[in-house]
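Everything below concerns the one structure shown next.
In this note's numbering, the protein residues as written are 10 to 168.
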């Protein structure tokens with residue numbers, strides 16, 4: 010049996026403010042790096058733009074018209090984490106949401122959502138040393154929800 014725990018995923022903070030989507034780097038990551046990795050992206054459907062900030066300073070503005078499409082990708086480490094805490098043989102999953110620019114085909118990363126994935130579960134997992142209950146992060150659900158919201162707000166297609 011697989012149980013999903015949100016604490017096993019490193020996700021950005023998201024909020025809707027006055028019709029705009031604010032995506033900020035994970036609070037724990039900000040604290041761990043003493044604010045060095047503090048980034049934010051504002052998706053404004055009225056102004057039709059993405060505004061990127063790093064440590065509070067404006068770094069880039071991309072208009073919706075400059076974007077060809079959204080890109081959603083998945084990768085895993087291919088390395089078992091062998092967690093003593095949960096007694097499992099799992100992997101780390103990475104979900105990346107990016108913009109593909111129309112003119113240059115440049116890929117601009119919006120967010121990366123990372124977490125523990127469940128690989129070997131059920132009878133095979135038990136035979137390989139996995140516990141009867143396997144735990145995974147909610148990174149897949151969080152990334153899919155964010156992609157749906159971005160598609161709805163921007164009208165961009167997804168590939």
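The beta carbon of each residue, even a glycine, is placed where N, CA and C say it ideally should be.
Within the continuous alpha helix (DSSP H) that includes residue i, where are the two ends?
i: residue 56; result: From DSSP, residue 56 is part of no alpha helix (DSSP H); its letter is neither H nor E.
i: residue 157; result: 148-163
So which of the options has the shortest CA-CA distance to residue i?
i: residue 151; options: 27, 28 and 32; result: 32
i: residue 126; options: 109, 21, 104 and 155; result: 104
i: residue 55; options: 24, 80, 67 and 29; result: 29
i: residue 85; options: 148, 77 and 109; result: 148
What does the Cβ neighbour count give for residue i, buried or exposed, with the cut at 16 atoms within 10 Å?
i: residue 159; result: buried
i: residue 115; result: exposed
i: residue 124; result: buried
i: residue 70; result: exposed
i: residue 50; result: buried
i: residue 108; result: buried
i: residue 163; result: buried
i: residue 74; result: exposed
For residue i and residue j, what's the separation of their Cα atoms in angstroms?
i: residue 95; j: residue 83; result: Residue confidence is low: residue 95 scores 48 on pLDDT, short of 50, so the model does not pin down where it sits. Its coordinate-derived value is still stated next. When rounded, the distance between both Cα atoms is 24 Å.
i: residue 111; j: residue 118; result: 15 Å
i: residue 61; j: residue 26; result: 16 Å
i: residue 64; j: residue 100; result: 31 Å
i: residue 52; j: residue 167; result: 16 Å
i: residue 22; j: residue 121; result: 12 Å
i: residue 19; j: residue 154; result: 15 Å
i: residue 79; j: residue 47; result: 23 Å
i: residue 66; j: residue 24; result: 20 Å
i: residue 113; j: residue 157; result: 25 Å
i: residue 68; j: residue 34; result: 15 Å
Under DSSP, the beta strand (DSSP E) around residue i begins and ends at which residues?
i: residue 100; result: 100-110
i: residue 116; result: 116-126
i: residue 76; result: 76-85
Check the DSSP bridge columns for residue i and list the partner residues they point to.
i: residue 23; result: 32
i: residue 48; result: 63
i: residue 70; result: 60
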